[in-house]
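Undergrad: Take this structure first; my questions come after.
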Amino acid sequence: MPTPPPTGPLVTRDTVATQLHRLGVEPGEILLVHSSLSSLGWVCGGPVAVVQGLLDALGPKGTLVVPTQTGDLSDPAVWGNPPVPEEWWERIRVAMPAYDPLVTPSRGVGVLPETVRTWPGARRSAHPQTSFAALGPRAAEIVDGHAPDCRLGERSPLARLESLGARVLLLGAGYDSCTSFHLAEYRIPSPLVKVGRPGPVGWEVVTEVSISSERFEELGYDFERDRPVVRGAVGAADARLFPVADAVAYAERWLALHRSREEELPLSGDPAPAGPGRRPRT
Numbered sequence: 004m005p006t007p008p009p010t011g012p013l014v015t016r017d018t019v020a021t022q023l024h025r026l027g028v029e030p031g032e033i034l035l036v037h038s039s040l041s042s043l044g045w046v047c048g049g050p051v052a053v054v055q056g057l058l059d060a061l062g063p064k065g066t067l068v069v070p071t072q073t074g075d076l077s078d079p080a081v082w083g084n085p086p087v088p089e090e091w092w093e094r095i096r097v098a099m100p101a102y103d104p105l106v107t108p109s110r111g112v113g114v115l116p117e118t119v120r121t122w123p124g125a126r127r128s129a130h131p132q133t134s135f136a137a138l139g140p141r142a143a144e145i146v147d148g149h150a151p152d153c154r155l156g157e158r159s160p161l162a163r164l165e166s167l168g169a170r171v172l173l174l175g176a177g178y179d180s181c182t183s184f185h186l187a188e189y190r191i192p193s194p195l196v197k198v199g200r201p202g203p204v205g206w207e208v209v210t211e212v213s214i215s216s217e218r219f220e221e222l223g224y225d226f227e228r229d230r231p232v233v234r235g236a237v238g239a240a241d242a243r244l245f246p247v248a249d250a251v252a253y254a255e256r257w258l259a260l261h262r263s264r265e266e267e268l269p270l271s272g273d274p275a276p277a278g279p280g281r282r283p284r285t
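Numbering of the sequence shown is given in the numbering used here, commencing with residue 4 and proceeding in unit increments.
Right under this line is the structure:
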């Protein structure tokens, strides 16, 4: 039986750039993009064409930033969907390769971030679980100096994006992918957790702020209701555009009101478990 033809819409590099400009993306700005390639339609050129369209919209003075997280570099004791046998845990901890920003692939954030990560001239931050990659003249300023014990807080690219006036583009992605909300978790009372991961000289355990995107869709609904969010479409994808600073400020108040201490506590020692087949939190 022949494969049915794609239903479209047909999306090209020019489509992406033109519709991003129509949405309000400005040449020269800094854009933190969370994306779903499949939501766009039939893309001629796939993720490469979308990245090219984003860069075209931003122009040579703009900077593109994406999450390139590696939540699978975590303690196998907290992996799920599926878990691994307990008798494997210690061997996995010993054998797991340490994070290398040049070669470690991103996981669970989609194909567009991985395309940006491997793009000529891309720079990537140093945190072994919650890195960001950037392309453009301000890339180094944004990603350099990401503290190894600060996933998404004041010493991460998120805080720099906030101070530089960057905006978030949700390109077919929901608010559950909005990493900017996590910065607010560092500014309200939040529990600390022990996080295991492979380090440069063997297995290490560090203390981190507990983070969770459990209620981010609800938070995003209220944020969009109460604050200016530009909405439009790129191909078939719903697109939303808003300042990082607005998202962080709103989330700081919202989380303080809506999240109880019981909700903040992680289910295990590692708040971002990710084994084979499991999508890590973003």
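From the three backbone atoms N, C-alpha and C, an ideal C-beta is built for every residue, glycine too. For clarity, every value in this text was computed on a predicted model and none was experimentally measured.
So, helix, strand or coil for His149, using DSSP?
TA: Correct three-state label for His149: coil.
Undergrad: Please return the same chain residues whose Cβ sits closer than 7 Å to the Cβ of Asp225, not counting the five positions on each side in sequence.
TA: Trp257
Undergrad: Identify every residue that forms a DSSP beta bridge with Lys197.
TA: Thr210
Undergrad: Could you tell me which residues DSSP puts in a beta bridge with Gly235?
TA: Ala242
Undergrad: Would you mind working out which of Ser77, Gly139, Thr21 and Leu40 sits nearest Glu117, comparing C-alpha positions?
TA: When Ser77, Gly139, Thr21 and Leu40 are compared, the shortest CA-CA separation from Glu117 is found for Leu40.
Undergrad: Please find out if some non-hydrogen atom of the ligand HEM comes closer than 6 Å to the beta-carbon of Arg228.
TA: The ligand content of the structure shown is nil, which means the ligand HEM is not present either.
Undergrad: Counting only the same chain and skipping the five closest in sequence on each side, list residues whose C-beta sits under 6 Å from that of Met99.
TA: Pro201
Undergrad: Would a C-beta distance cut-off of 7 Å place Val171 and Leu35 closer than the cut-off?
TA: For Val171 and Leu35, yes; Cβs fall inside 7 Å.
Undergrad: Which residues bound the alpha helix (DSSP H) around Leu161?
TA: Pro160 to Ser166
Undergrad: For Trp91, does the count of other Cβ atoms within 10 angstroms reach 16, so buried, or fall short, so exposed?
TA: Residue environment: Trp91 is assigned as exposed (fewer than 16 neighbouring CB atoms within 10 Å of its CB, all protein chains considered).
Undergrad: State buried or exposed for Ala129, treating a residue as buried only when at least 16 other CB atoms are found within 10 Å of its CB.
TA: Exposed, since its Cβ has fewer than 16 Cβ neighbours within 10 Å.
Undergrad: My parser needs the alpha helix (DSSP H) runs of 4 or more residues fully inside the region 95-139; what are they?
TA: 114-120
Undergrad: Whether or not the region 56-70 and the region 130-139 are in contact is what I'm after, with contact meaning three or more pairs of Cβ atoms, one per stretch, closer than 8 Å; do they touch?
TA: yes
Undergrad: When the Cα of Asp17 is compared with those of Pro9, Gly56, Pro5 and Leu26, which residue comes out closest?
TA: Gly56
Undergrad: Going by other Cβ atoms of all chains shown within 10 Å of its Cβ, with 16 needed for buried, is Ser193 buried or exposed?
TA: Flag for Ser193 reads buried.
Undergrad: Report yes if the CB atom of Arg94 is closer than 7 Å to the CB atom of Trp206, and no otherwise.
TA: In this structure, Trp206 does not lie closer than 7 Å to Arg94 by Cβ.
Undergrad: Going by the DSSP bridge assignment, what does Thr66 pair with across the sheet?
TA: Ile33
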